[in-house]
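The structure under discussion appears below in the form of structure tokens.
In my numbering, the protein residues as written are -13 to 57.
Following this line, the structure appears as structure tokens:
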């Protein structure tokens, strides 16, 4: 009787591990595609704030580089 219960517990653990793996994979795939990883956050997300600050800093740097190299 214990044998089939162990198989069910193992299957549930495997499904949980697959789900967590898919979430991590999709998070890193979105960041690689330059989309916002925190767009689905319900509340204020520290990572989102840092992401937005970095994006604005990078856009300012790109504008400065374009002006300096062409001017």
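Idealized CB from N, CA, C, for every residue including glycine.
Item                                                                                                               : Value
Taking the C-alpha atoms as reference points, what is the distance between residue 43 and residue -6?              : 51 Å
Between the C-alpha atoms of residue 31 and residue 38, what's the straight-line distance to the nearest angstrom? : 11 Å
For residue 2, which of helix, strand or coil comes out of DSSP?                                                   : helix
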